[in-house]
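Below is one structure, written out as structure tokens; the observations come after it.
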Amino acid sequence: MSQELMKKVEQTYLKSEVDFFEIGDTVEVHTKILEGQKERIQKFIGTVIAKSGSGTREMFTVRRIVAGEGVEKKFPVHSPQIAKIEVTRRSVVRRAKLYYLRDRVGKATRLRERRV
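Just so you know, we're using my numbering here: the sequence shown kicks off at 1217 and counts up by one.
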């Protein structure tokens, strides 16, 4: 009974249109940033290395290299702070989590592109 009630409550907070993306895809995450009274959109471009959770608790981790240093961010999929998620490149991967990319540098971090 309580599980059904929780699903009904969560249903109101889920986004109706979420772009489909998978592990290994290169994505642009457009996040809303509030600076004083102004709101702007900032992009975070990187490779999706993990997805976890379900429903309103669904999260994904994006990794990118900035100035030779690896940066990872976790984003909630259904957050109102995320304006949109754009897939720029699809890749072929054979794992659910790409944590091994943390140990790699340069060309070793490349993933094979998926042809459609």
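Backbone N, C-alpha and C fix where the C-beta goes; we use that ideal spot for every residue, glycine too. Bear in mind that the values here come from a model prediction, so they are computed numbers and not experimental data.
At the level of alpha carbons, what is the spacing between residue i and residue j?
| i | j | result |
| --- | --- | --- |
| Lys1289 | His1246 | 13 Å |
| Tyr1316 | Val1234 | 27 Å |
| Val1278 | Ser1232 | 22 Å |
| Glu1251 | Ile1298 | 16 Å |
| Phe1291 | Lys1313 | 16 Å |
| Leu1327 | Gln1227 | 35 Å |
| Lys1323 | Ser1270 | 33 Å |
| Gly1286 | Gly1262 | 10 Å |
What would DSSP say about residue i, mapped onto helix, strand or coil?
| i | result |
| --- | --- |
| Gly1269 | coil |
| Ala1283 | coil |
| Arg1318 | helix |
| Lys1323 | helix |
| Lys1290 | strand |
At a cut-off of 7 Å, would you count residue i as near the ligand HEM, judging by its Cβ distance to the nearest heavy atom?
| i | result |
| --- | --- |
| Phe1260 | No copy of the ligand HEM occurs in the structure displayed, which carries no ligand at all. |
Assuming residue i and residue j are in contact, meaning their beta carbons sit under 8 Å apart, how far apart are those beta carbons, in whole angstroms?
| i | j | result |
| --- | --- | --- |
| Glu1334 | Thr1325 | Past the edges of the chain, shown from 1217 to 1332, lies residue 1334, and the structure says nothing about it. |
| Lys1267 | Ile1257 | Actually they do not touch by this definition, with Cβ atoms about 23 Å apart. |
Checklist entry - In chain order, which continuous runs of the beta strand (DSSP E) of length 3 or greater are located wholly inside the segment 1225-1265? => result As summarised for the segment 1225-1265, the continuous beta strand (DSSP E) elements at least 3 residues long and confined to that stretch are 1242-1251, given in chain order.
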